[in-house]
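Only one structure is covered here, and it is reproduced in the block below.
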């Protein structure tokens, strides 16, 4: 490990991870050793979760666990059709059912009839037409959930069913029925750099078409929450979400209430992965609560979670042409990307921008011609899912890189090293990447990691399909594949991406404590712990309490785009610095000196040089807490030039690579991932334990996209509506995981940290696909791979059948 | 009908006995430690022990559990709050993220270790194959069960 690579470690061997505090590029972190940090629970410490004991004891309260005396239960009537006009809605039978307290339709929405996190194009409740299967049409409140659901089923909707638009090709063809007033072209992003025709006669030209099916976030905690009327016309909503304030804004708009009449509180979140960025039951529960004057709880069943409850990852169709010199050096890339956005915009405009701006991967490409298009269709709405547009293109560009390698006679690692962006490299948008580019270092570390040993006499359960004793191993072939990828962090294209924190240092029962108040959504990723560690580090106080996230404090922004550790962490960091400055000012005044050499440590004001205590915080602050609120922003970004697609659109980047080792039974088409190794530059690991969890979880979600996960839609109707038919990896499907973490540091972020959460899901899928190609020799241009795709027919197969 | 849940006795109105045990626990008795991720027997998040046999509470008719003793994750810890070795290992190994699968998993893992105190990684994966987790990628769950087994032997 060179000093420039900073600290790094192998997660499998936490004892010898070389996590050195003397890393070259790492920004100075106070004057403390990492051992000190670990002991004190500071930044860099491997800590367990504060909410861990409650979660393992079943005592943690998720949004679906909420109860309050006298509450009602809400249910939703959804469209069974992908496209239909609504002639009439008859709610009388439902209203007359005993126990029913309210039945509401679009006519009962007092405020805006359309909502949406980016574009308000989605009806709160369908008005005169439905545009997708599962679209909410009416809502019911009753004394119990079963009564509410039975009543919803009694609502008669007179539909004039229409032929649905079920593909992007149809949606964008002449004469296609328009789903929305602006037509079906939701957004197109064009990027041209250099000479698009360069390399037309290059010695290496590889082209193909790739497809990615619909992936679902499939979080385990259902969409749910509890709305409580405040008795004064307003409402308080306890809900599982990724962004309290953007929910609050949409709920208030739909209710026709000023923002201050709508208060949101984060309830326990059972996973998110992008599926909680858009409204689900939030506004419906509030409408029912205000209509009945009673608390109303809503919790979706798994079937409605899949069909209408939340958006999915965009399916993609991608045509790529890579042109390279004989030595494999890229000359030009041409890509055409089509995403099916489904019936409503959701975050499609931002997803297609990501897909297009990241379409060539972490490589230096002097000439690029890229066009990404997302279309409205009558398929289920697609939007945010971990990786957000970067996942789909990585599957295509990494397959292309392996083809370039094969044409040039290079190995998969060499072709990537040869073409990797250098530090300060330029993207097709013209944007220069700030800070170190880790791709080559990550590939080097993957290459150096020992390969799993093939054990012929190993446990038979380790064979593909082993759970079903499907094979004795005679047709099993091993393959190894590599992939690299990168992604933008935080919000792009000029968005005012901000995060606010209130930090209060006070004395209680004779001891200094810190209270942090933010609206940052803890969705399982560990952002509560991040805030605690930053405050301990910056204020030298052990007892840090993160208050419940709600809208009583300023917005934290979304728990998405791998941004929250950076942004909410940045806000806490900045607010802590402001508190520290005031405390040291008090101390200096008390001591009658300038205070230049004072610092905070272990609950005391100390001499910065040698740590000599000079004043206890308990004494200094008794009866006079210090509180500061700060809003943190990353450096502003620009809009894309609509003609050329040039612009500094992204706030920062993070780099990742994977190695996958697979065994494939090429007779049965069964695959097993033997081992998956994720190498990632995280900039700075705030909590290595939580960080490994992100790398591991994201890697296995990528494994699911490679092998088992696909939301099937037939004529616009969702077919996979259970965890039995939508197959997320089980513990048997999941590969043993290794993590290799580099901390190269981003020069413009607190502690040098980079976003983490999405990256492991970028290169996992393409690495597995590459390994499957290596094992089978097949092209495998579609994810997920199906068993029949993996069957290798040998020339003598027919003879064998006759024999 | 009568139920003992985590050591406490409850009377359940007979009219509710036709629901799933999970619904009775959560909606009738207000005991939410068994989770409701799918309610179709596919995820294991509602795994409980019924007179010592583990099952998905969503697949058990409440009436079938009449008179039985049901244990959820809430009963694993000691009365003073000290976590069970399996629970403690889940926290320390980082096997908990969102945690929605965790109450079911710790009940299933305790059962696995009771039957096989020295499981290989393959045994652990086979034994917990009925419990889905979407956050962790399972590596740290395997680590946690291995850790609990090692400490149980020590």
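Chains as they are written, first to last, in our numbering: chain D, 1 to 803; chain P, 1001 to 1154.
By construction, the Cβ of each residue, glycine as well, lies at the ideal position given by its N, Cα and C atoms.
- The Cβ-Cβ distance between residue 433/D and residue 442/D does not fall below 8 Å.
- Considered as a whole, the segment 1066-1129 of chain P harbours 1069-1071 as its complete beta strand (DSSP E) runs of no fewer than 3 residues, in chain order.
- Where residue 570/D is concerned, the enclosing alpha helix (DSSP H) starts and stops at 564-591.
- Per DSSP, reduced to three states, the secondary structure at residue 534/D is helical.
- Per DSSP, the unbroken alpha helix (DSSP H) holding residue 619/D starts and ends at 617-620.
- Between residue 346/D and residue 224/D, the CB-CB gap reaches or exceeds 8 Å.
- Within a 10 Å sphere around the beta-carbon of residue 1088/P sit 16 or more other beta-carbons, which makes this residue buried.
- Within chain D, the residues whose beta carbon sits less than 8 Å from that of residue 1039/P are 301 and 302, listed in sequence order.
- In this structure residue 1137/P is buried. Its beta-carbon is surrounded by 16 or more other beta-carbon atoms within 10 angstroms.
- Bounds of the alpha helix (DSSP H) holding residue 1141/P are 1139-1153.
- Contact annotation, residue 1144/P with residue 1078/P: C-beta distance approximately 19 Å; criterion of less than 8 Å not satisfied.
- In this chain, the alpha helix (DSSP H) harbouring residue 401/D covers 390-408.
- For residue 525/D, the chain P residues whose Cβ falls inside 8 Å of its Cβ are 1097, in order along the chain.
- For residue 481/D, there is no enclosing alpha helix (DSSP H); the enclosing beta strand (DSSP E) has its first and last residue at 476-488.
- The criterion of a C-beta distance shorter than 8 Å is satisfied by residue 499/D and residue 632/D.
- Residues are counted here when their Cβ sits less than 8 Å from a Cβ of chain D; for the segment 1136-1150 of chain P these are 1136, 1137, 1138, 1139, 1140, 1141 and 1142, given in chain order.
- Here the C-alpha atom of residue 375/D lies approximately 12 Å from the C-alpha atom of residue 189/D.
- Listed along chain P, the residues sitting closer than 7 Å to residue 271/D by beta-carbon distance are 1098, 1100, 1134 and 1135.
- For residue 117/D, no Cβ of chain P is located within less than 8 Å of the residue's own Cβ.
- Contact between residue 1083/P and residue 57/D holds: CB atoms are separated by about 7 Å, below the 8 Å threshold.
- Membership of residue 367/D in the beta strand (DSSP E) is indicated by the continuous run 367-376.
- Closer than 7 Å at the C-beta level to chain P, one finds these residues of the segment 54-68 of chain D: 55, 56, 57, 58, 59, 60, 62, 64, 65 and 67.
- Listed in chain order, the non-local C-beta contacts of residue 554/D below 6 Å within the same chain comprise 500, local neighbours out to five positions each way being set aside.
- Close to residue 1106/P, with beta-carbon spacing below 7 Å, are these residues of chain D in chain order: 56.
- At a cut-off of 8 Å between beta-carbon atoms, residue 1033/P makes contact with chain D.
- Across the structure, residue 725/D and residue 306/D are spaced so that their CA atoms are roughly 11 Å apart.
- For residue 444/D, the enclosing alpha helix (DSSP H) begins and ends at 439-448.
- Nearest to residue 394/D by C-alpha distance, out of 768/D, 778/D, 792/D and 788/D, is 768/D.
- At a cut-off of 8 Å, the C-beta of residue 495/D has no neighbouring C-beta in chain P.
- In the three-state DSSP reduction, residue 726/D falls in the coil class, being neither helix nor strand.
- By the CB criterion at 8 Å, residue 109/D and residue 124/D fall inside the cutoff.
- Here residue 367/D is near residue 194/D, since their CB atoms are less than 8 Å apart.
- Taking the Cα positions, residue 134/D is about 11 Å away from residue 378/D.
- By the neighbour-count definition (other C-beta atoms within 10 Å, threshold 16), residue 568/D is a buried residue.
- Sequence-ordered contacts of the segment 1016-1031 of chain P with chain D read 1026, 1027 and 1030 [C-beta pairs closer than 8 Å].
- Within chain D, the C-beta atoms nearer than 8 Å to that of residue 1045/P come from 220, in chain order.
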